[in-house]
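Heads up: the sequence shown at position 449 corresponds to 448 in numbering that gives the first Met the number 0, and the numbers run straight through without jumps. Glycine included, C-beta positions come from ideal geometry on N, C-alpha and C. What follows is one structure encoded as structure tokens, with my remarks underneath.
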Amino acid sequence: MGTWQVLSYQAPILPIHAALMHTGKVLFFAGSGNDPSNRSDQALSQGDAVWDVNAGTFSRPTVPSSPSGHPPDLFCAGQSFRPDGQLMVVGGTLQYDPFYGLSTAFFFNPSTQQWTFKPSMHNGRWYPTLLTLGSGRIFALGGNGANGQDVRQPEIYSPTYKNGWNAFPITSDFPDYAQVVLLADGRLFFSGACMGGNNGVSPRTLTLPGSFSQPIAETPVPGLANADASDQATTVLLPPAQAQRVMVLGGGGSNGMAVNRVAIVDFTAANPAYASAPSLQYARMHLGAVLLPDRTVFVCNGSQMSEDVTTSVLPAEIYNPATNTWTTVETPSVPRVYHSIAMLLPDGRVLTAGGNPSRGSDELRLEIYSPSYMTRARPVIQSAPTSVKHGGTMTIQTPQAGSIAWVSLIRPSANTHSCDTEQRLVDAPIGSRTATSITAAVTSNLNLAPSGYYMLFVTDTAGTPSIARWVQLA
Numbered sequence: 000m001g002t003w004q005v006l007s008y009q010a011p012i013l014p015i016h017a018a019l020m021h022t023g024k025v026l027f028f029a030g031s032g033n034d035p036s037n038r039s040d041q042a043l044s045q046g047d048a049v050w051d052v053n054a055g056t057f058s059r060p061t062v063p064s065s066p067s068g069h070p071p072d073l074f075c076a077g078q079s080f081r082p083d084g085q086l087m088v089v090g091g092t093l094q095y096d097p098f099y100g101l102s103t104a105f106f107f108n109p110s111t112q113q114w115t116f117k118p119s120m121h122n123g124r125w126y127p128t129l130l131t132l133g134s135g136r137i138f139a140l141g142g143n144g145a146n147g148q149d150v151r152q153p154e155i156y157s158p159t160y161k162n163g164w165n166a167f168p169i170t171s172d173f174p175d176y177a178q179v180v181l182l183a184d185g186r187l188f189f190s191g192a193c194m195g196g197n198n199g200v201s202p203r204t205l206t207l208p209g210s211f212s213q214p215i216a217e218t219p220v221p222g223l224a225n226a227d228a229s230d231q232a233t234t235v236l237l238p239p240a241q242a243q244r245v246m247v248l249g250g251g252g253s254n255g256m257a258v259n260r261v262a263i264v265d266f267t268a269a270n271p272a273y274a275s276a277p278s279l280q281y282a283r284m285h286l287g288a289v290l291l292p293d294r295t296v297f298v299c300n301g302s303q304m305s306e307d308v309t310t311s312v313l314p315a316e317i318y319n320p321a322t323n324t325w326t327t328v329e330t331p332s333v334p335r336v337y338h339s340i341a342m343l344l345p346d347g348r349v350l351t352a353g354g355n356p357s358r359g360s361d362e363l364r365l366e367i368y369s370p371s372y373m374t375r376a377r378p379v380i381q382s383a384p385t386s387v388k389h390g391g392t393m394t395i396q397t398p399q400a401g402s403i404a405w406v407s408l409i410r411p412s413a414n415t416h417s418c419d420t421e422q423r424l425v426d427a428p429i430g431s432r433t434a435t436s437i438t439a440a441v442t443s444n445l446n447l448a449p450s451g452y453y454m455l456f457v458t459d460t461a462g463t464p465s466i467a468r469w470v471q472l473a
């Protein structure tokens, strides 16, 4: 059986945003952290923390001031990883109540632990979606603008563009933190999950045109039951990514009540449409879903009513795509609702953090789940490449070579508000093996596996994974 452990120390800030870096450390950032009285220059400059998981310590990088002379408020920004491993963070909070969005853009460098300003977006964005494309460019969608209006003009960042960003004509009124998945053919899929209401925008694919003067083509994907109950649902690209099956889980309706709805759409079908899947054992919103290296989906966090901790200490659940079944596992100690996160760590454990049931009430305890495979004898990666090209091969030295069933590349998490556009598990098929090594092939499709850093796992025939090695896919 698995086990939960509440750590003996706490996070120094509310971990509203979390990203696992290729250094193995975790970046938390919150800006003002849902506290309008916490917006002094000193507070905003210290609105982040880097957690050294192994040492159990925190460093506090300084968020620099913008040309206005004040640090921007990174509360409720968007984030995704660049091919070089830096985290791009855009938008944030210009003002509270009503919320207006910032147009600022940053890179965070995991190696130097420094923030660097990049060219600002065309639009302010609060609660935006950020997604790394197969080309390495970064796509920004939605959010509240600098005047509080819904932003309907998507844009793309590339260092090759004259001003950093190019914008498309207006689209449908996509909701806040619209959960978008990059598909193998380069299209983007809005799953229907979001923050708050869906603005009447149904699940759909987006096809990016070759010119910024042309509109993005939108094609509805039918079949999602309870489509209006998708507030702080969550979305995963089921493992492996090559299967092209997207799952949406849980969520809440306008009455604040959670649902246990689960639906899957198969994009290898001639006419993709959602089909109902076995429901969660527990209705939940504010939930997290984490891809495990044994190719199951671990679900935790959330409550049965919006921001209600009295209904939030729920057993975790694990979905097995191979059997299409859910298994209820152990119950955590810490209730986690709005502004909570969950992510896979390189050793195969799952971090849960955050929770903000009301303004001024911050959950700073950190809790880690160790799946049952942590207690078994685990395969060992003795050596592996630190970098590999698309379409190339990797030779991995392991004394368990004869019993390895899968080689997996798992892209690290960068999540907030139940939204994680980064997470995916890509299969690297085993082509040959010896008694002490295996050779695995890496996909040539940049849309399946965008360039960047991945956790390399080997998993044996009993479903037991190794500890990960980091590899850069270029």
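List the residues that DSSP assigns as beta-bridge partners of residue i.
i	result
PRO117	The amino acid occupying residue 117 in the given sequence is Lys; Pro does not appear at that position. Paired residues: ALA104.
SER157	The partner list for SER157 (beta bridge, DSSP) is empty, contrary to what the question assumes.
GLY251	ASP230 and ALA257
THR327	GLU316
MET284	SER302
ASN143	TRP125 and ASP149
THR2	SER369
ARG203	PHE189 and PRO219
LEU236	VAL245
PHE138	LEU130 and ILE155
SER382	GLN396
LEU86	PHE80 and PHE107
By the DSSP assignment, the alpha helix (DSSP H) with residue i in it spans what residues?
i	result
THR262	The sequence given here places Ala at residue 262; Thr does not occur at that position. Element bounds for ALA262: not the alpha helix (DSSP H) but the beta strand (DSSP E), 261 to 265.
ALA42	40 to 44
Roughly how many angstroms lie between the CA atoms of residue i and residue j, to the nearest whole one?
i	j	result
SER302	VAL261	16 Å
MET342	PRO411	8 Å
LEU363	THR435	44 Å
GLY195	ASP293	32 Å
THR397	LEU130	34 Å
ALA240	PHE188	14 Å
LEU291	GLY347	7 Å
HIS416	ALA473	29 Å
THR103	LEU237	33 Å
LEU132	SER79	10 Å
GLN178	THR385	31 Å
ASN122	ASP184	28 Å
LEU86	ASP72	17 Å
VAL328	ALA376	21 Å
THR330	ILE409	26 Å
GLN213	THR206	11 Å
LEU93	ALA383	45 Å
SER44	SER119	19 Å
GLY32	ASP175	18 Å
LYS24	GLY147	35 Å
VAL89	TYR156	10 Å
Under the three-state reduction of DSSP, which class applies to residue i: helix, strand or coil?
i	result
ALA400	helix
ALA29	coil
GLN243	coil
MET373	helix
VAL457	strand
THR310	helix
THR92	strand
TYR8	strand
TYR176	coil
LEU223	coil
TYR452	strand
VAL289	strand
SER332	coil
PHE80	strand
PRO464	strand
PHE297	strand
LEU13	coil
SER486	Past the edges of the chain, shown from 0 to 473, lies residue 486, and the structure says nothing about it.
Mind checking which residues open and close the beta strand (DSSP E) that includes residue i?
i	result
GLU217	216 to 219
ILE367	364 to 369
HIS16	16 to 19
VAL49	47 to 51
LEU132	First-last for LEU132: undefined, no H or E at that position.
TRP164	164 to 166
GLY209	Element bounds for GLY209: n/a, residue is neither H nor E.
VAL179	179 to 181
GLY353	349 to 353
ARG468	468 to 472
ALA274	273 to 275
SER339	339 to 343
LEU187	187 to 189
Within 9 Å (strictly less), CB to CB, does residue i reach chain C?
i	result
VAL425	The structure shown contains no chain C, having only a single protein chain.
Alpha helix (DSSP H) runs wholly inside the region 384 to 447, at least 4 long, in chain order: none
Entirely enclosed beta strand (DSSP E) segments - the region 50 to 76, minimum 3 residues: 56 to 58
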